[in-house]
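In the numbering used here, the protein residues as written are 33 to 674.
Every residue, glycine too, gets a C-beta built ideally from N, C-alpha and C.
This structure is a prediction, so every number in the text was calculated from the model and none was measured.
Structure, as structure tokens:
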């Protein structure tokens, strides 16, 4: 198998062949229609990812938590002291063994000196530095331990600082002091607005910083993270342990000027990075001895995991995927996690490039195109459940070919299908010549008329709709009907009217993002009133009202204000029926889809149907889309009679 790689040029699909805009719309539509909005839906998509395609932030946080737990399990807070103490005890034992084979007062005096050594590691280290070892092995191991502890302390403050040094000679320590002095001078110059030579500094001391920082700010940021890790480690120790470790470090680094320069740098780092976690004790669960620098490595790693987890959580004002550092993510979870993060970032870019969403004052909003695309996706789902309707024809209107033919009947005015007519004659005559046509050979191009229709869709927005699970299916139906009319019947018109205590006209994008209204009242009278005003001005010859509701009328207008009563009072019932009758007298058909079958709602709808000659359908939320779309299509196309 061969693979070919090329530079990214924005033409490649970051989601792969199986994930695109349609998949994103399918994932988002439920949230948007439920009223949560595109911002919440986008954030959920970024958290959960695309099922079967790529994981989201939640999966990254889970894996990161596992890495953090593993790092904490390796960290032994007491480890540096235990390791130093164990090695010092072993050195003393080697010295005692050598002294036991020697005679004389000098050997006995040394044994007494060893008996009087302090119990603390720092005290032993201090006394043994001036002790004259009799055991060459003990002397060698003590020298190695002292060199190792010096390296360890320096590396605890400056990660991998001593990596380029074979041994810590006085010249090496003098160079470290010079580096610290120049670094502190640069920090002061930066604070005072004076110029400084960072490039020259890196030329002289770049081997101390293998991460190769590109600026003083980058270097200080790295050093501050290290210093904060050291501070958190010390804060996690018991007071006695903290004092013992500080004394041990002090004994290792006896150079007062070096200690002063390190203290000076520490104060500058705290001042320059106050946002870092300096004093929160870290947690450690390990029990294996470890050098101090390794312990600080683990603390720093845990801190990086915590910072990365906070960025992945994004639970703060103005949070963005851009806040997630890709290099830290790659180091923690690998290249695959970076690729998944870029896919998650691409979701919003794709939605905006496709015109589905837009940023308005920092707020993510659904566009009219986005609402239409959601409606088209909903329509596709509805049409999959609807059997193909027979082609029909009605008098009047503009005739359009359906792509089918049928046998000619006397009086037909459709265009003759020459191809089918000749084919029929040839097959009937068996290819005899000359070819003769008969009446039974003729076929015509079937056509249908599309009478222009104006529809007012009245959608119940009252609080009972989401409580009973009707809200999202009803909105999906409305957007599907809008997509059907926009795409297949552009000569038709559709008015969306939402109603609760009051009624108002809505645009598709508004309806898509509309939440349910926590108000009392189902004001059908106001909805009928607005529908009458809208349809009266529409020039289309066929007019109809489609209402979708789950409750009987409980509010009506009095002096321009909504008057609510439960249970419904006669004034509400009479006012609502009067407005419906006014629609019927204007030649506007009324079709009602009931999502509940309560006795009160059923009785009211029966009265409305008798009074207006309208139609009432009992439906469930899951079927309302199929019912409305099927009825709309069937009502527009009538077979042409012979």
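Can you tell me the Cα-Cα spacing of residue 136 and residue 157, whole angstroms?
26 Å
Per-residue burial, residue 311 [other beta carbons within 10 Å of its own, 16 or more giving buried]:
exposed
Residue 503 to residue 561, Cα distance in whole Å?
23 Å
Going along the chain, which unbroken runs of the beta strand (DSSP E) with 3 or more residues stay wholly within the segment 553–635?
574–581, 587–590, 593–596 and 621–626
May I ask you to list the residues that DSSP assigns as paired with residue 489?
528 and 578
The segment 87–100 / the segment 298–307 touching (three or more Cβ pairs under 8 Å):
no
Tell me the rounded alpha-carbon separation between residue 670 and residue 486.
Its pLDDT being 43, under 50, residue 670 is placed unreliably by the model, and the measurement read from it follows with that caveat. The alpha-carbon atoms of residue 670 and residue 486 are separated by roughly 17 Å.
Reference residue 336, options 81, 270, 293 and 99, closest by Cα
99
Between residue 130 and residue 170, how many whole angstroms is the CB-CB distance? I'm expecting something under 8 Å.
7 Å
Residue nearest to residue 553 in terms of C-alpha spacing, selected from 346, 279 and 589:
589
By the three-class DSSP mapping on this structure, what secondary structure does residue 468 have?
coil
Give the single residue among 585, 598 and 614 whose Cα lies nearest to the Cα of residue 577.
614
Delimiting residues of the alpha helix (DSSP H) encompassing residue 535:
Not the alpha helix (DSSP H): residue 535 falls in the beta strand (DSSP E), residues 535–538.
The segment 360–371 touching the segment 54–71, judged by at least three CB pairs closer than 8 Å:
no
One question on the structure: do residue 580 and residue 506 come within less than 8 Å of each other, judged by their Cβ atoms?
yes
In chain order, which continuous runs of the beta strand (DSSP E) of length 3 or greater are located wholly inside the segment 261–307?
none
Nearest-angstrom Cα separation, counted from residue 563 out to residue 75:
37 Å
Classify residue 428 as buried or exposed, calling it buried when 16 or more other Cβ atoms lie within 10 Å of its own Cβ.
Low confidence applies here, because residue 428 scores a pLDDT of 38, under 50, leaving its location unreliable; read the following figure in that light. Under this definition residue 428 is an exposed residue.
Less than 8 Å between the C-beta atoms of residue 391 and residue 331, yes or no?
no
Determine the direct distance from the alpha carbon of residue 351 to that of residue 237, and round the result to whole angstroms.
38 Å
For residue 537 and residue 529, I'd like the C-alpha separation in whole angstroms.
4 Å
Would the beta-carbon of residue 647 fall within 8 Å of that of residue 609?
no
Reduced DSSP secondary structure (H/G/I, E/B, other) of residue 148:
coil
So, at 7 Å on beta carbons, what are the nonlocal neighbours of residue 597 in its own chain, with the 5 sequence-adjacent residues on each side left out?
586 and 604
Out of curiosity, what's the CA-to-CA distance linking residue 376 and residue 78?
6 Å
What residues are listed by DSSP as bridge partners for residue 448?
476
Rounded to the nearest angstrom, what separates residue 269 and residue 110 at their Cα positions?
8 Å
Mapping DSSP to helix, strand and coil, what is residue 191?
coil
Using the Cβ count rule (16 or more neighbours within 10 Å means buried), how would you classify residue 201?
exposed
Looking only at C-alpha atoms, which of 329, 405 and 119 sits nearest to residue 108?
329
Can you name, in chain order, every residue of its own chain whose Cβ lies under 6 Å from the Cβ of residue 566, other than the five neighbours on each side?
488 and 527
For residue 183, three-class secondary structure by DSSP
helix
Ends of the beta strand (DSSP E) at residue 648?
647–650
When the Cβ atoms of the segment 227–241 are set against those of the segment 200–214, are three or more pairs found closer than 8 Å?
yes
Quick check on the burial criterion: 16 or more other C-beta atoms within 10 angstroms. Buried or exposed for residue 421?
Residue confidence for residue 421 is low, a pLDDT of 41 falling below 50, so the modelled location carries little weight; the figure read from the coordinates is stated next. Exposed, by the Cβ-count rule.
Given this structure, state the Cα-to-Cα distance separating residue 663 from residue 642, to the nearest angstrom.
20 Å
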